[in-house]
Every structure is written in C-alpha cells, then in structure tokens.
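Numbering (my numbering), first residue to last: 1207 to 1322. By construction, the Cβ of each residue, glycine as well, lies at the ideal position given by its N, Cα and C atoms. These numbers were taken from a predicted model, which means no experiment stands behind them. Before any comments, here is the structure.
As structure tokens, this is what we get:
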C-alpha cells in the first residue's frame, strides 16, 4: 500500500438507524472515485466504531475511511463528477453532528517518516 501527501482520513458520524444505507453508499465510494481517476490505486481502508451509551449524547455508528487522492484538487474535481455526487449527496443526509463535531470531516494528512 502506498499513501501520499493527498491522503484524507474521513470521518462519518452516521445517524442511528442509517448504518445499512450508509454502508451501501460507502461500499461504492472508493470504486467510483477510482473509476473516474480521482484516487490512487491503493484501495481505501474502512473502519467502524459503535457509539452510544451514557458517555455519548446520541447513538449511531462512526465510519472512518482512509484514501489518497491523485491530486490536491481531487476533492474539487469530485464535486463536478455526477457519479460521485450521486453518492455524496445521499451520504450527507445520513450523517449528523455529534459531540460538537460535524457529521463529516475530511482532514488531509501527510505521511510522517522517521529516520532509522
């Protein structure tokens, strides 16, 4: 696997009861981005965390997706790609703000290397 300076670690705070609908969209997400030449050949990684209980104000699921864009303007190009927007728009309806955080976050990360 190879990550680059355009790697996003995406967090999706999915509403209670929307897990299955969101998961069906997430399954199509990276393949669609890849099909349109927007991300690298390294497949996205996906993680899931259940939230709720007394330590959380709302119940639901949080998904994390790690992917690398081919170019810095990849997210902007994706906004102009109808097939991607057909996934992103319904995703937006299935997430919620939670614990003072937005429903979706997409910070870009740069790999850190250590000298041996």
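Nearest residue (CA-CA) to residue i, options the options
| i | options | result |
| --- | --- | --- |
| residue 1256 | 1224, 1298, 1306 | 1224 |
| residue 1302 | 1208, 1215, 1228, 1210 | 1228 |
| residue 1278 | 1294, 1219, 1314 | 1314 |
| residue 1218 | 1316, 1282, 1311 | 1311 |
| residue 1254 | 1284, 1308, 1316, 1226 | 1226 |
Outcome for residue i when other beta-carbon atoms lying within 10 angstroms are tallied against a minimum of 16
| i | result |
| --- | --- |
| residue 1319 | exposed |
| residue 1251 | exposed |
| residue 1212 | buried |
| residue 1263 | Since pLDDT at residue 1263 reaches only 45, below the 50 mark, its modelled position is unreliable, and no value is offered. |
| residue 1261 | Because the pLDDT at residue 1261 is just 46, under 50, the model does not fix this residue reliably, and the value given afterwards should be weighed accordingly. Burial call: exposed. |
Delimiting residues of the alpha helix (DSSP H) encompassing residue i
| i | result |
| --- | --- |
| residue 1234 | 1225-1241 |
| residue 1290 | 1288-1299 |
Presumed contact (8 Å Cβ cut-off) between residue i and residue j, rounded CB distance
| i | j | result |
| --- | --- | --- |
| residue 1290 | residue 1239 | 6 Å |
| residue 1280 | residue 1244 | 5 Å |
| residue 1270 | residue 1208 | No, residue 1270 and residue 1208 are not in contact; Cβ-Cβ is about 19 Å, not under 8 Å. |
Segment limits, beta strand (DSSP E) that includes residue i
| i | result |
| --- | --- |
| residue 1273 | 1266-1274 |
Distance CB(residue i)-CB(residue j) smaller than 7 Å
| i | j | result |
| --- | --- | --- |
| residue 1161 | residue 1242 | In the structure as shown, the chain starts at 1207 and stops at 1322, and residue 1161 therefore has no counterpart that could be examined. |
| residue 1293 | residue 1215 | no |
| residue 1316 | residue 1274 | no |
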